[in-house]
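Asks: What follows is a single structure, and I will ask about it in a moment.
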Amino acid sequence: MKTNFHTHTQRCRHAQGSEEDFIKEALTKGLSQLGFSDHAPYPDVDFGRRMLYEELEDYLETVERLQGEYREQIHIRRGLEIEYLPAYRGYYEELLAKQKVEYLLLGAHFYMDTTGKRANTYEISSSTREYIAYAETIAEGMRTGLFRAVAHPDLYMLNHFAWDENCKRAADLLIDTAVTTDTILEYNANGLRWARESYPEGVRPPYPYAGFWQMVAKSPVRVIVGSDCHEPSSLWDEAIEQSYRNLEALGIEPVRDLFAQK
């Protein structure tokens with residue numbers, strides 16, 4: 001069964017293709033479910049690389065309309081990817097309850113750092129101590145029960161530090177919290193599309209990080225593969241196939257349905 005629940009459209013300002021473009025590609029590739037999870041805007045600030053808040057209603061209405069138009073051919077889900085910031089908990093609840101968003105992916109592109117300020121996950125340069133704050137922010141989000149899955153939980157490993165005790169502690173916190181809250185962790189294929197870089201342990205993709213997923217393999221946490229596609233052609237590609245092969249080698253059988261019960 002082919003499915004994907006991590007899909008971005010041109011609305012996020014760093015992707016290509018409309019919602020219908022992705023649906024047509026999904027039908028060509030034989031997907032049975034397609035979930036849209038474009039980067040969600042915030043109501044009072046534009047953090048960039050996402051749709052504007054005034055575009056949110058049209059996005060949700062468009063996906064809902066397409067759900068009806070293609071209901072005989074594919075199951076379409078209406079979701080959003082968004083960071084967890086404690087001050088916006090009411091907003092997340094509103095998206096799910098009032099806006100009828102079917103699911104939220106917790107994608108921590110930024111987090112609350114050790115000083116209590118918002119920090120960029122892609123620019124952690126002080127020390128691996130910040131990885132603990134990153135993991136604590138995500139763990140707090142998982143405990144709310146508002147997020148069905150955590151997108152690219154190992155994203156912190158794209159920074160150029162060697163794996164150390166802080167890296168492991170961050171991974172332990174993420175994995176343990178996912179288990180206790182029954183939150184799915186996503187093996188993100190998009191990292192395999194990035195150029196390989198030189199890291200302290202050698203040349204590798206920025207993520208997924210092998211050491212993190214080796215720890216996941218020793219736990220009962222549920223895992224799903226997410227394409228994190230930003231253009232229709234990468235909806236189902238070699239990066240997706242490689243992701244499934246990597247998980248198989250680790251002895252991890254990923255779930256195929258984000259909404260499947262444990």
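Number 14 in my numbering belongs to position 14 of the sequence shown; there are no gaps in the numbering. A virtual CB, placed ideally from N, CA and C, is assigned to each residue, including glycine.
1) Based on Cα-Cα distance, which residue from GLY226, ASN120, GLU83 and GLU248 lies nearest to LYS2?
2) Could you check the C-alpha separation between GLU238 and VAL223 for me, to the nearest Å?
3) What is the rounded straight-line gap between the Cα of GLU54 and the Cα of GLU165?
4) From the DSSP output, in three-state form, read off MET142 for me.
5) On a CA-only basis, which of ILE184, ARG49, ASN188 and GLU57 is nearest TYR244? Give me that one, please.
6) Determine the burial state of PRO41: buried for a count of at least 16 other Cβ atoms within 10 Å of its Cβ, exposed for fewer.
7) What do you get for ALA162, buried or exposed, if any count of 16 or more other CB atoms within 10 angstroms of its CB means buried?
8) With DSSP run on the structure shown, which of helix, strand or coil describes ASP46?
9) Reducing DSSP to helix, strand and coil, say where ALA119 ends up.
10) Measure the C-alpha to C-alpha separation of HIS230 and CYS12 and round it to an integer number of angstroms.
11) I want to see whether chain B comes within less than 8 Å of LYS2, judged by CB atoms only; does it?
12) Whether or not the segment 134-152 and the segment 192-204 are in contact is what I'm after, with contact meaning three or more pairs of Cβ atoms, one per stretch, closer than 8 Å; do they touch?
13) Starting from TRP67, trace the alpha helix (DSSP H) in both directions and tell me its first and last residue.
14) Kindly indicate which residue of THR180, ALA210, CYS167 and LYS168 has the alpha-carbon position closest to the one of GLU140.
15) If I follow the unbroken alpha helix (DSSP H) through ILE23, where does it start and stop?
16) Say whether the segment 102-121 touches the segment 68-88, bearing in mind that this needs 3 or more beta-carbon pairs closer than 8 Å, one atom from each stretch.
17) May I have the straight-line CA-CA distance separating ILE76 from ASP228, to the nearest angstrom?
18) Using the C-alpha atoms, what's the distance from SER219 back to LEU250?
19) According to DSSP, is LEU158 helix, strand or coil?
20) Check this for me: beta carbons of TYR131 and ALA170, under 8 Å apart or not?
21) Using alpha carbons as the reference points, say which of ILE184, SER234 and GLU123 lies closest to ARG143.
22) Are three or more beta carbon pairs between the segment 115-134 and the segment 61-77 nearer than 8 Å?
Replies: Once the coordinates are examined:
1) Ranking the options by Cα distance to LYS2, first place goes to GLY226.
2) The alpha-carbon atoms of GLU238 and VAL223 are separated by roughly 19 Å.
3) Using only the alpha carbons, I get a separation of about 43 Å.
4) The answer is helix: DSSP assigns MET142 an H, G or I state.
5) Checked all of ILE184, ARG49, ASN188 and GLU57; the closest Cα to TYR244 is ASN188.
6) Buried, since its Cβ has 16 or more Cβ neighbours within 10 Å.
7) Around the C-beta of ALA162, fewer than 16 other C-beta atoms lie within 10 Å, and the residue is accordingly described as exposed.
8) Coil at ASP46, not helix or strand.
9) Residue state, collapsed to three classes: strand.
10) Each residue's Cα considered, the two are about 9 Å apart.
11) Looking for chain B here will not work: only one protein chain is present.
12) Result no; under three Cβ-Cβ pairs closer than 8 Å.
13) It is Gln, not Trp, that sits at residue 67 in the sequence shown. It spans 56-69 - the alpha helix (DSSP H) in which GLN67 sits, taken as one unbroken run.
14) Among THR180, ALA210, CYS167 and LYS168, the Cα nearest to that of GLU140 is on THR180.
15) From DSSP, the alpha helix (DSSP H) with ILE23 extends over 19-29.
16) Verdict: yes, contact present.
17) If I take the Cα positions, the gap works out to 16 Å.
18) Note on geometry: alpha-carbon atoms of LEU250 and SER219 lie some 12 Å from one another.
19) Helix at LEU158.
20) TYR131 is a Cβ neighbour of ALA170, given a cutoff of 8 Å.
21) Residue ILE184 is the option with its Cα nearest to ARG143.
22) Cβ pair count under 8 Å is below three, so no.
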